[in-house]
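When the count follows the working numbering, it moves up by one through the sequence shown with no breaks and lands on 110 for the last residue.
A virtual CB, placed ideally from N, CA and C, is assigned to each residue, including glycine.
Some notes on the structure that comes next.
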Amino acid sequence: MLLMVAVLLVPALLAVAGTMLAAPAGPPQVDSRTVEMGAGPDGKPAPGLEPTPTPDPAPPQAPAPPAPEPPVPAAPEAPAVPPQPVPVVPPVVIDDDDDDDVGDD
């Protein structure tokens, strides 16, 4: 009797727990208050929170020197010798039949 009650009650409790863990319906609530951060230990605000000024474009630099000539390729190597086939070992047969081994002790 107790087992039958447990079998019927456990799935119902799991279903209720699953609905409690589900994500809430609707869009998330947005806090309209802005976050104001104070100065750090050195007295300056954190650089990631303040807009950074855009740097002036750098003046054009002198053209890069020409690339060096590629080295002359070495003579081609001799082709590799193809591998020889490996001989196949015949399968090992294990005699499991102990009927004909009577008296071999």
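Between which two residues does the alpha helix (DSSP H) harbouring residue i extend?
i, result
"A22", "L7 to L26"
What does the alpha-carbon distance come out to for the pair residue i and residue j?
i, j, result
"D36", "A20", "32 angstroms"
"T24", "A63", "59 angstroms"
"V77", "V97", "57 angstroms"
"Q66", "A44", "39 angstroms"
"V94", "A85", "27 angstroms"
"A30", "L18", "22 angstroms"
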